[in-house]
Every structure is written in structure tokens, then in C-alpha cells.
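So the structure is just underneath, and the comments pick up after that.
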Amino acid sequence: MKITAARVIVCSPGRNFVTLKIETDQGVTGIGDATLNGRELAVVSYLEDHLIPCLIGRDPQQIEDIWQYLYKGAYWRRGPVTMSAIAAVDTALWDIKAKMAGMPLYQLLGGRSRTGVMVYGHANGRDTAETVDEVLRHKEEGYLAIRAQSGVPGLNKVYGVSGANRMYEPADGNLPSEHDWSTEKYLRHTPGLFEAVREAVGPDIHLLHDVHHRLTPIEAGQLGKALEPVRMFWMEDPTPAENQDAFQWIRHHTTTPIAVGEIFNSIWDCKTLIEKQLIDYIRTTVVHAGGITHLRRIADLASLYQVRTGCHGATDLSPACMGAALHFDTWVPNFGVQEYMPHSEEMLSVFPHDYRFERGMMYCGESPGHGVDIDEKLAAKYPYQRAYLPVNRLQHDGTLWNW
Ligand code: GCO
Ligand code: MG
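Those letters in the sequence shown? Residues 1 to 403, by full-length UniProt numbering.
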């Protein structure tokens, strides 16, 4: 069996998505997501100029060898661009292998470990009252786990708070838009927000919150401690994770569980946090961490330390990533939760798929492969539009902060 062609499809049905499609001499094709929000075209070039020429003529069944060839063969290892491009190849190859076997992808991985995949939804409000309403609306819709983000009094634009149409889309500018930040104001507001949310929603719903890399370790320790009475499912990205030993300071001060890893791209990024048990959930997902082949390795390492998975699932990952992630989640023994922000109807129309949401759970389909395709004709109607993620500056003096 041979790979005969591979094509990168860039489209923007409301936001940019990069998709790799691999074709074979047996007529079977597969797709993989390669979207890296705000830096999409770097991955397109990596695929078109560097990876695709190496794929033509290769046996698509040799997924592991191709992964090693692309990873070790580059000499320059790791990084989000490299690993997203490898992920797209890997996902498309697993899609092809599963289609050849006539099986849904989760069967190839080792079969079903659970009836469905618990997902967390996003409740965002401009203030506490609106956030509480949104949390309750999600509860009505059947969500078992809900992430709450709120505007902070005195700050203009804060991560995670959506615009009027409730669609959350951080890549909102032809150039980076600017948010403002005050740790003091945020820390004053957030414990009270969660007290109100817990009071309204009752004891059974899992509550999550994304700090989005903005605190120092000791400030994160303070927040985690203040949130303990609320019994959070997790506090995400409390501090930037480049200096991983810093997480010890958070652990010394709080038992609030911690989730990290959506911006990681290899097992090496995860190693210290997992081995030292400095986190409880690992957030790497298919597209940014080298595909199914590499994500599986990360999950296996995590399982040795009772760290569970909590795959990133923002709308800037395409439905092709979601489809593959749901198969992974259906299999992976140390599953924790899956993030879910629904794509718009327009986005979904470009990616025919067989996964579904029902009462707080998601279910991958039973069709062979990962169950997601791309409608290339429709995709062609939505050309690429440059879009950047925002930057964040300290309110009092404009110092550039972590967004
Ligand atoms: C999350 C993430 C996202 C990122 C986004 C950046 O927890 O879902 O933090 O919202 O900000 O994926 O492109
Ligand atoms: Mg996050």
C-alpha cells in the first residue's frame, strides 16, 4: 500500500482551520487537524514544503515508523509547529488504518473503556450574576462538569468572557487585540464568584476554572486555598509551566487539583509535572502533541502517577481533532474529562462527522476511522483570514503580561 498524494486544506468557516488529507493507492483517504491558532500558515508551510514530499510513496500502514521518521528525521525536534504537522499526518494515518480494518478508531486502540466521554462546557459571564445564570443554563442542558469564567470588576477585557453571541473566540483581531490585567482585582473577585456559583448549582456539578497562566506560584497557592471550600474539579494553568518546579509551591499550599498542558507539544514538556505529581490532569491533545501515537505515550506515562487526561477542546481545534480525541477518550484507561465548546453550524457543515453530544456526555460514532471528513468544495468557499490571539498588559503601567 502506498501514499499517493497529500493535500493541505485551509479554510475559515467562522475561524481558521488547517486540515491535512492523505490519499492512498487503495482509494482510502484520511484526514488530520493541523490548526495552530494564530500561527496557522507556519504549519501549512511545514507540511507542504517539508513533510508531504517525504510521505509520497510510503506505506501508510507504518504509522510508528513514519512518526519516528518525521520526528527524528528532522534533527530539529519538538515545538508546536513541528508537532502539529506530525500530528496531522499521524491522525490521518490512524484514520486510514481504521478504515482499512473496517473499525472505529477506538477499537484499534484497544477498545472501549467507558460508555461515553464526560465533557465540560463553558459558562462565561460579564459579572457574577451572568456567570451564575450561564452555569445554571449548562446544568439544565445536562452538563455534569462546567467551567466558569467571569469578567472582573475594573478590567475591560478578560480571557474567556465571550461577546454578545455567546461564541467564545479569542483570535479576534487582524492584529493582536489588547487585554488588561490586574492580579489584585482578579484575586479579589474569583473566590466570591465560585462561592456564588457553588451555592446556586448545588454540590454535584464538577466546577472548573482556567487561570490562563496569569498568576505567580504563590498567588496560585492563595487562589487554590481560597477555592478549597468550593471543591473544584480543577484549577487550570495557574502559572506558566516553563519552570515546572515552581508548581511545588502551589502544591505546598493547596489541595485544589491542577490541570496543565494545552500548550505542551511533547512528552518531554509533561515529564516533570507528571513524575513529580505536581498536576492531576494533563491537557495535551491530539493536534498539538504529535497525534494519537504520541498522545498515547503521554497518557501511559501519566497513568503511572495517577494523573488523568483532560484533553484541550477549544473551538480553535477543528472537528477532525475532536473526532480523534473522542476515540482516544473512549479508550484511554486514565481518562478524566474532555473539554467541549460546540463549533458553529457553519463550521460543522464543512466537517461532516458522526460524534454527538447528549446530556453532558459525548459519544464517538461507530463508522470506520475517526468519523470526521472534510467537504472540500464547501471549505473552498471560506478562504483563510488572518487572525491573532490577544496580548495582555498590566493595567497600571502597560507591562506585557501572560495572556
Ligand atoms: C482552553 C484554552 C483555550 C485557549 C485557546 C487558544 O482552556 O480552552 O485556554 O481557550 O485560550 O485554545 O487558542
Ligand atoms: Mg486553557
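No residue lacks a Cβ here, since even glycine has one placed at the ideal position from N, Cα and C.
Every value quoted in this text rests on a predicted model; they were computed, and no experiment measured them.
Among Thr4, Ile3, Ile9, nearest to Tyr382 - alpha-carbon criterion:
Ile9
Collect the residues with a C-beta less than 5 Å away from any heavy atom of ligand 1 and give them in sequence order along the chain.
Asn37, Asp210, Ala314, Asp316
Under the rule that 16 or more other beta-carbon atoms within 10 Å means buried, what is residue 416, buried or exposed?
Outside the shown range of the chain, which is 1 to 403, sits residue 416, and nothing can be said about it.
Going by beta-carbon coordinates alone, are Ile31 and Ala92 separated by less than 8 Å?
yes
Residues bridged to Gln338 [DSSP beta-bridge criterion]:
Val119, Cys311
Tyr69 in three-state terms, based on DSSP:
helix
Leaving aside the five residues before and after Ile86 along the sequence, list all residues of the same chain whose C-beta is less than 7 Å from its C-beta, in chain order.
Trp67, Leu70, Tyr71, Gly290, Gly291
Can you tell me which of Ser113, Asp33, Ala145 puts its alpha carbon nearest to the alpha carbon of Thr315?
Asp33
I want to check one thing, is the minimum distance from the CB of His212 to the heavy atoms of ligand 2 below 7 Å?
yes
Below 8 Å on the Cβ atoms is my contact criterion, and I expect His212 with Thr239 to pass it. Report the Cβ-Cβ distance as a whole number of Å.
Not really, about 10 Å apart at Cβ, beyond 8 Å.
Is the region 98-106 touching the region 10-22 in the sense that three or more CB pairs, one from each, lie closer than 8 Å?
no
Residue interval of the beta strand (DSSP E) (run including Gly32)
29-33
Give a yes or no on whether the C-beta atoms belonging to Asp237 and Pro257 are separated by under 8 Å.
no
In terms of residues, what are the limits of the alpha helix (DSSP H) holding Gln222?
217-227
Thr29 and residue 413 - do their beta-carbons sit closer together than 8 Å?
No answer is possible for residue 413: it lies beyond the span of the chain, which begins at 1 and ends at 403.
Cutoff 7 Å; reference Ile218; Cβ partners in own chain excluding five residues on either side
Trp249
Check whether the Cβ of Asp269 lies closer than 7 Å to any heavy atom of ligand 2, and answer yes or no.
no
Cα-Cα, which of Lys271, Asp127, Val350 is closest to Leu193?
Asp127
Note the first and the last residue of the continuous alpha helix (DSSP H) segment covering Ala145.
Per DSSP, Ala145 belongs to no alpha helix (DSSP H); it is in the beta strand (DSSP E), 145-150.
Quick one: residues in its chain with C-beta nearer than 6 Å to the C-beta of Gly154, no 5 flanking neighbours on either side, listed in chain order?
Lys185
Limits of the beta strand (DSSP E) - the one that Ile250 falls within:
Careful: Ile250 lies outside any beta strand (DSSP E), inside the alpha helix (DSSP H) at 247-253.
Quick check on the DSSP output: the beta strand (DSSP E) that includes Leu36 runs from which residue to which?
Element bounds for Leu36: n/a, residue is neither H nor E.
What residues in its chain sit with their C-beta under 7 Å from that of Ala196, if we drop five residues either side in the sequence?
Thr128, Val132
Within 8 Å, strictly: CB atoms of Gly371 and Asp397
no
How is the beta strand (DSSP E) around Asp210 delimited, first residue to last?
206-210
State yes or no: is the C-beta of Asp280 nearer than 7 Å to some heavy atom of ligand 2?
no
Which whole-angstrom value describes the C-beta separation of Leu227 and Leu215, a residue pair presumed to lie in contact below a C-beta threshold of 8 Å?
Going by Cβ atoms, the distance from Leu227 to Leu215 rounds to 12 Å, so no, they are not a contact pair.
So Ser150 and Gly110 are supposed to be a Cβ contact under 8 Å. How far apart are they, rounded?
About 40 Å separates the two Cβ atoms, so there is no contact after all.
Cβ of Glu134 within 7 Å of any heavy atom in ligand 2?
no
Quick check: the Cα distance between Gly142 and Gly360, rounded to an integer number of angstroms?
5 Å
Do Glu169 and ligand 2 come close, with the Cβ less than 7 Å from some heavy atom?
no
With the cut-off set at 8 Å, would you say Thr293 and Ile3 are in Cβ contact?
no
How about Trp234 and Leu394: do their beta carbons lie closer than 8 Å?
no
Cβ distance (whole Å) where Tyr168 is taken to contact Met322 below 8 Å:
No, Tyr168 and Met322 are not in contact; Cβ-Cβ is about 15 Å, not under 8 Å.
Residues near Glu178 by beta carbon distance below 7 Å, same chain, minus five either side:
Pro390, Val391, Arg393
Identify which residue in Tyr120, Val332, Thr183 has its Cα closest to the Cα of Gln107.
Val332
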